[in-house]
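J.: Take a look at the following structure, please.
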Amino acid sequence: MDFPERFSNLPAYAFPRLRALLDHHAPGGDVVHMTIGEPKHDFPSWVTDEIVAHAGLFRSYPQNEGTDALRGAISGWINRRYGVSMDPDTQIMALNGTREGLYNAAMALCPETKNGQQPVILTPNPFYQVYMVAALSVGAEPVFVSATAATGHLPDYASLPAEVLNRTTIAYICSPANPQGAVATREYWVELIQLAEQYDFRIFADECYSEIYRDSAPIGVLSVAQEIGADVERIILFNSLSKRSNLAGLRSGFIAGGPETIKHAKQLRSYSGAPLPGPLQAAAARVWADEEHVVENRRLYQEKYTIADDVLGSVQGYMSPEAGFFLWLPVDNGEEAALKLWRETGVRVLPGAYLAQGDAGQNPGETYVRVALVAPKEDTGKALITLRDCLYG
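In my numbering, the protein residues as written are 7 to 399.
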């Protein structure tokens with residue numbers, strides 16, 4: 007039986023690769039998981055009550071694009087957070103988590119050719135793996151643009167040659183960045199939007215970490231796009247409750263953009279989508295409308311930023327993240343460091359190379375490990391001391 011060749015050379019997903027690296031070795035101590043970005047803080051206690059109160063909706067097929075209440079709550083949040091008004095009926099669609107949307111939006115919006123050639127989809131490098139697979143699924147060429155210390159840990163798409171940009175249809179950008187925690191400035195967004203207008207491509211802005219930050223809220227692409235009068239069809243925003251509200255399992259995300267963009271996304275989703283069950287949509291609507299729990303959640307992460315700075319601040323090359331909940335720690339070799347840490351201490355981290363692709367023979371994640379600050383602060387502090395003493399002692 008034949009299988010599509012475009013997927014035949016995909017690298018293994020990061021976490022199966024990690025298991026293959028570590029699991030045939032015994033841990034050197036009590037196991038501490040710092041690999042996956044799965045929040046461990048409490049979510050609001052009333053979420054369960056909302057689900058139970060609306061349990062009768064399990065009898066009915068859920069509304070595919072999201073209930074009026076859910077889309078209205080998302081629209082209200084966008085307005086409060088970014089100062090941008092978006093029509094909940096024509097400019098917002100609910101998602102079953104943003105991974106679905108980040109993938110399906112490429113399916114719905116990437117043309118088969120551009121200027122008579124194979125289309126290009128740009129992705130930062132390191133990157134969230136769905137960006138690459140979405141590009142391959144639509145027959146586009148994924149172009150990986152290194153996001154390193156030299157570029158402020160964000161991709162410099164403007165540095166690409168015109169022959170690449172002329173074929174570009176979509177540019178993925180994650181801000182705050184996973185894994186580095188870098189935040190796109192207003193100037194960065196303006197340059198990217200102007201580049202997109204010059205070369206006629208769309209920006210897929212993955213802002214899932216937007217509500218976890220140190221001092222001031224990261225500026226969002228929608229705010230900048232409105233300020234400079236950009237085409238509303240060019241900017242597509244994705245966000246979710248997974249990090250903001252510690253509800254990764256609720257699977258409430260959204261896509262927001264221009265009416266034509268959302269029309270195409272809805273058309274595809276009517277066939278391929280897996281809508282959120284009704285009781286979960288009801289709970290999600292209340293969560294999007296509440297900010298009190300988000301403020302408390304952010305405070306807990308801010309405490310862990312301070313702990314990380316205190317423990318690791320003297321490490322050469324340590325970069326304190328601006329936002330998000332990952333540390334991107336410099337090492338000589340990420341795989342060797344992760345294996346050493348596991349075998350000697352039981353602390354489990356992710357080699358940075360597993361989140362990136364080789365670029366001209368160099369993998370920009372090869373000399374890093376990613377560390378998730380999702381555990382309670384006491385556990386996080388102890389684990390970071392163990393990590394420091396093992397890798398940098």
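Note that beta-carbon positions come from the ideal geometry of N, C-alpha and C, so glycine has one too.
Taking 8 angstroms as the threshold (C-beta atoms), are V144 and R105 in contact?
T.: Locating residue 105 in the sequence shown gives position 99, where the first residue counts as 1. Locating residue 144 in the sequence shown gives position 138, where the first residue counts as 1. Not a contact, by the Cβ cut-off of 8 angstroms.
J.: Output needed for F64: all residues of its chain with C-beta closer than 8 angstroms, excluding positions within five of it in sequence on either side, in chain order.
T.: Counted from its first residue, the sequence shown places residue 64 at position 58. Only P283, G284 and P285 meet the Cβ criterion.
J.: Identify every run of the alpha helix (DSSP H) within the stretch 70-115, keeping only runs that are complete inside it and at least 4 residues long; order them along the chain.
T.: You should have 74-88 and 104-115.
J.: State the DSSP-derived secondary structure class of C180, mapped to helix, strand or coil.
T.: Start at 1 with the first residue of the sequence shown, and residue 180 comes out as number 174. C180 falls in the strand class under three-state DSSP.
J.: Mark M7 as exposed unless 16 or more other C-beta atoms lie within 10 angstroms of its C-beta, in which case mark it buried.
T.: As a first step, residue 7 is located in the sequence shown; it is residue number 1 there, counting from the start. The residue is exposed, with fewer than 16 neighbouring Cβ atoms inside 10 Å.
J.: Looking at R257 and R208, is the spacing between their C-beta atoms short of 8 angstroms?
T.: Position 202 of the sequence shown, counted from the start, is the residue given in the question as residue 208. Position 251 of the sequence shown, counted from the start, is the residue given in the question as residue 257. No, the Cβ-Cβ distance between R208 and R257 is not below 8 angstroms.
J.: Take N252 and list the residues in its own chain whose beta-carbon comes closer than 8 angstroms to its own, dropping the five residues that flank it on each side.
T.: In the sequence shown, the residue the question calls residue 252 occupies position 246. P45, K46, H47, D48, F49 and N303.
J.: Can you tell me which of Y374, G72 and M40 puts its alpha carbon nearest to the alpha carbon of G340?
T.: Here residue 340 refers to the residue found at position 334 when the sequence shown is read from its first residue. The shortest Cα separation from G340 among Y374, G72 and M40 belongs to Y374.
J.: On the criterion of 16 or more Cβ atoms from any shown chain inside 10 Å, does S410 qualify as buried, or is it exposed?
T.: Summary: the structure shown does not reach residue 410, with the chain confined to residues 7 through 399, and so no result is reported for it.
J.: Hey, would you say L361 sits closer than 8 angstroms to R376, going by beta carbons?
T.: To locate residue 361, count along the sequence shown from 1; it is residue 355. To locate residue 376, count along the sequence shown from 1; it is residue 370. Yes. Within cutoff.
J.: The beta strand (DSSP E) that contains G259, what's its start and end?
T.: As a first step, residue 259 must be located in the sequence shown, where it is residue number 253. Its beta strand (DSSP E) spans residues S258 to A262.
J.: Out of E193, D221 and V126, which one is the CA nearest neighbour of I176?
T.: Position 170 of the sequence shown holds residue 176. Residue V126 is the option with its Cα nearest to I176.
J.: So, does the stretch 322-336 touch the stretch 286-295, judging by three or more C-beta pairs under 8 angstroms?
T.: As far as the Cβ criterion goes, the stretch 322-336 does not touch the stretch 286-295, which means the pair count is below three.
J.: Measure the CB-CB distance between V227 and L201 and report whether it falls below 8 angstroms.
T.: As a working mapping, residue 227 is identified with position 221 in the sequence shown. As a working mapping, residue 201 is identified with position 195 in the sequence shown. Cβ atoms of V227 and L201: not closer than 8 angstroms.
J.: Once DSSP output is grouped into helix, strand and coil, what is the label at I225?
T.: Here residue 225 refers to the residue found at position 219 when the sequence shown is read from its first residue. The answer is coil: DSSP assigns I225 none of H, G, I, E or B.
J.: For my contact list, I80 and P68 are in at a C-beta cut-off of 8 angstroms; report their separation, rounded to the angstrom.
T.: The sequence position of residue 80 within the sequence shown is 74, counting from 1. The sequence position of residue 68 within the sequence shown is 62, counting from 1. At roughly 16 angstroms, the Cβ-Cβ gap does not stay under 8 angstroms, so I80 and P68 are not in contact.
J.: Within the same chain, show all residues whose beta-carbon is closer than 8 angstroms to that of A112, passing over the 5 residues directly before and after it, in chain order.
T.: Your numbering for residue 112 matches position 106 in the sequence shown. Around A112: I127, A140, A141, S143, V144, A146, I176 and F210.
J.: Could you name the residues of the same chain whose beta carbon sits closer than 8 angstroms to that of A20, not counting the 5 residues immediately before and after it, in chain order?
T.: Position 14 of the sequence shown, counted from the start, is the residue given in the question as residue 20. Only Q135, L356, Y360 and L361 meet the Cβ criterion.
J.: Indicate the three-state DSSP secondary structure (helix, strand or coil) for S216 in the structure shown.
T.: On the sequence shown, position 210 is the one that residue 216 refers to. DSSP places S216 in coil when its eight states are reduced to three.
J.: For I234, is the classification buried or exposed, using 16 other Cβ atoms within 10 angstroms of its Cβ as the cut-off for buried?
T.: Looking up residue 234 in the sequence shown gives position 228. Label assigned to I234: exposed.
J.: Per the contact definition of three or more C-beta pairs closer than 8 angstroms, is the stretch 345-353 in contact with the stretch 33-40?
T.: Cβ pair count under 8 angstroms is three or more, so yes.
J.: Once DSSP output is grouped into helix, strand and coil, what is the label at F64?
T.: Residue numbering aside, residue 64 sits at position 58 when the sequence shown is read from its first letter. Here F64 sits in helix by DSSP.
J.: So, is P185 buried or exposed, given that buried needs 16 or more other C-beta atoms within 10 angstroms?
T.: Mapped onto the sequence shown, residue 185 falls at position 179. Per the 10 Å Cβ criterion, buried.
J.: Is A288 near the ligand PLP - that is, is its Cβ less than 7 angstroms away from at least one heavy atom of it?
T.: This structure lacks the ligand PLP, and indeed carries no ligand of any kind.
J.: Using only the alpha-carbon positions, how far apart do Y205 and T174 sit?
T.: Residue mapping note: residue 205 aligns to position 199 of the sequence shown, counting from 1. Residue mapping note: residue 174 aligns to position 168 of the sequence shown, counting from 1. Approximately 7 angstroms between the Cα atoms of the pair.
J.: Of all the alpha helix (DSSP H) runs that stay within the bounds of the stretch 150-213, which reach a length of 4 or more residues?
T.: 168-171 and 192-205, all fully within the stretch 150-213.
J.: Is E11 helix, strand or coil by DSSP?
T.: In the sequence shown, the residue the question calls residue 11 occupies position 5. Helix.
J.: Taking the straight line between their C-alpha atoms, what separation do you get for G263 and V238?
T.: Indexing the sequence shown from 1 puts residue 263 at position 257. Indexing the sequence shown from 1 puts residue 238 at position 232. Roughly 6 angstroms between the two C-alpha positions.
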